[in-house]
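S.K.: Quick one: this structure, given as structure tokens, is what I'll be asking you about.
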Amino acid sequence: MTHLLDTDVCVAVLRGMKAVQERLRMLSPDDVGVSTVSIYELFAGVERCRDPRAEGRKVERFLAPLHILTLDRESARRAAKVRAKLQESGTVIGPYDLLLAGQALALEVKLVTRNTREFSRVAGLKLEDWLS
Numbered sequence: 019m020t021h022l023l024d025t026d027v028c029v030a031v032l033r034g035m036k037a038v039q040e041r042l043r044m045l046s047p048d049d050v051g052v053s054t055v056s057i058y059e060l061f062a063g064v065e066r067c068r069d070p071r072a073e074g075r076k077v078e079r080f081l082a083p084l085h086i087l088t089l090d091r092e093s094a095r096r097a098a099k100v101r102a103k104l105q106e107s108g109t110v111i112g113p114y115d116l117l118l119a120g121q122a123l124a125l126e127v128k129l130v131t132r133n134t135r136e137f138s139r140v141a142g143l144k145l146e147d148w149l150s
């Protein structure tokens, strides 16, 4: 696996953003993962939709070919280190973003996100922006 998708990229694919869909198609499903952290965020959004059942099915179809990554001990440890360093400098990022950053660092993969401004605060984190 080489790429971890941030929630904003998943949403862009689900909303039919052609450029993002094309970038995803260029990669093998074996190279792409989605964290259970992002899956939580996606389904939290689904619950606010007019038709949660239909939107939930869309999310499930999107996720089906991808690696689903649970937050393991090493990812949690890396996220905690990132948080501590960012707190020292007064530049903390959101809790879900901390978890995704820790996971990407632990797995040594690129985090695909639109939110490069926030994630660029994390030392050593490899980023790719498919939305700009």
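Those letters in the sequence shown? Residues 19 to 150, per the working numbering, in order.
Beta carbons are placed, not taken as given, at the ideal position from N, Cα and C, and that holds for glycine.
Can you tell me whether DSSP reads Ser53 as helix, strand or coil?
M.R.: On the sequence shown, residue 53 is found 35 positions in, with the first residue counted as 1. In the structure shown, Ser53 sits in a strand (DSSP, three-state: E or B).
S.K.: Roughly how many whole angstroms lie between the Cα atoms of Thr20 and Glu65?
M.R.: Numbered from 1 along the sequence shown, position 2 holds the residue referred to as residue 20. Numbered from 1 along the sequence shown, position 47 holds the residue referred to as residue 65. Computed Cα separation, rounded: 30 angstroms.
S.K.: Which stretch, first to last residue, makes up the alpha helix (DSSP H) that contains Lys128?
M.R.: To locate residue 128, count along the sequence shown from 1; it is residue 110. Counting along the chain, Lys128 sits inside no alpha helix (DSSP H); it lies in the beta strand (DSSP E) bounded by residues 128 to 130.
S.K.: List, from N- to C-terminal side, the alpha helix (DSSP H) runs of 4 residues or more that fit wholly inside the stretch 58 to 91.
M.R.: 70 to 81
S.K.: If you draw a straight line from the C-alpha of Ala117 to the C-alpha of Arg71, how long is it?
M.R.: Within the sequence shown, the letter at position 99 stands for residue 117. Within the sequence shown, the letter at position 53 stands for residue 71. What sits at residue 117 in the sequence shown is Leu, not Ala. Rounded to whole angstroms, Leu117 to Arg71 spans 28 angstroms at the Cα level.
S.K.: Does the stretch 75 to 87 come into contact with the stretch 26 to 37, if we say contact requires no fewer than three beta-carbon pairs (one atom in each stretch) closer than 8 angstroms?
M.R.: yes
S.K.: Where Ile111 and His85 are concerned, what is the direct C-alpha to C-alpha distance, given to the nearest angstrom?
M.R.: As a working mapping, residue 111 is identified with position 93 in the sequence shown. As a working mapping, residue 85 is identified with position 67 in the sequence shown. Near 25 angstroms, if we compare the C-alpha coordinates of His85 and Ile111.
S.K.: Determine the DSSP secondary structure at Leu149, reduced to helix, strand or coil.
M.R.: To locate residue 149, count along the sequence shown from 1; it is residue 131. Correct three-state label for Leu149: coil.
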